[in-house]
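In what follows, a structure is listed as structure tokens, so that the remarks can point back to it.
Residue numbers (the numbering used here): 175 to 431.
Quick look at the structure:
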């Protein structure tokens, strides 16, 4: 048997202390290592969140820019965009119970400050901000800053032959065209007068036949925005023949020739 004495007690005490210190150091180093890993992961997470926010801001900026371009092209597109204008004509025709018997397009006239340039700038500002007209009226006394139409704006001239059931519908047809979102100007209107009445006639024909010269505009210099033309949805034909199909084909044949 081992003879237990004071020396053995001291050795046992020192061993227990060393084991305790070692266990504490192992525990401390383990916890510290985990804290470091957690902090590292937290830093990575913060960095990734910042990157995601940056990408979202960039995406929002691109989307806003795209939306802005599309909205502006509803007012002044970068191509003649006859399809859009034909839908506006069809809308006016339907709302006024009128009939468009013929239509022709002529494009390519460049707009400058000396030919409708000022009117175009004014119309563009009004379409872009309808409240600007009232603000301009309130600030008539202030010195006006002249605005110049951008170089390269071109005019699409449309000649229409229309029949409306009465003068009211004629007037409404013109008003609808002038208030479309796209810049549109009615340049002239020639009305065929009613025959002079010498006696009372039943079922008197009161329809008005007239010719309209209408202008709308486009800005072909911004070719890079061609793929951002505003979308449009053609209404269902509802078993009606589209009177513009043949007209469009005729215009395309003229351009090819």
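The beta carbon of each residue, even a glycine, is placed where N, CA and C say it ideally should be. Note that the coordinates shown come from a computational prediction; the quantities given were computed from them, not determined experimentally.
Under the three-state reduction of DSSP, which class applies to residue 196: helix, strand or coil?
helix
When DSSP labels each residue in this structure, what does residue 329 get in the three-state scheme?
strand
Do the segment 278-286 and the segment 344-357 touch if we need at least three Cβ pairs shorter than 8 Å?
no
Just to confirm my understanding: we take residue 396, look at its own chain, exclude 5 residues before and 5 after, and list those with CB closer than 7 Å. What are they?
252
How many angstroms separate the CA atom of residue 220 from the CA atom of residue 207?
20 Å
Taking Cβ positions, are residue 384 and residue 336 nearer each other than 8 Å?
yes
Residue range of the unbroken beta strand (DSSP E) whose run includes residue 255
Counting along the chain, residue 255 falls outside any beta strand (DSSP E), and DSSP gives it neither H nor E.
If you draw a straight line from the C-alpha of residue 325 to the C-alpha of residue 394, how long is it?
10 Å
Straight-line gap, residue 267 to residue 246 (C-alpha atoms, nearest Å):
25 Å
How about residue 342 and residue 366: do their beta carbons lie closer than 8 Å?
no
Express the C-alpha separation of residue 191 and residue 198 in angstroms, rounding to a whole number.
10 Å
For residue 187 and residue 217, what's the separation of their Cα atoms in angstroms?
45 Å
Can the beta-carbon of residue 262 be found closer than 8 Å to that of residue 354?
yes
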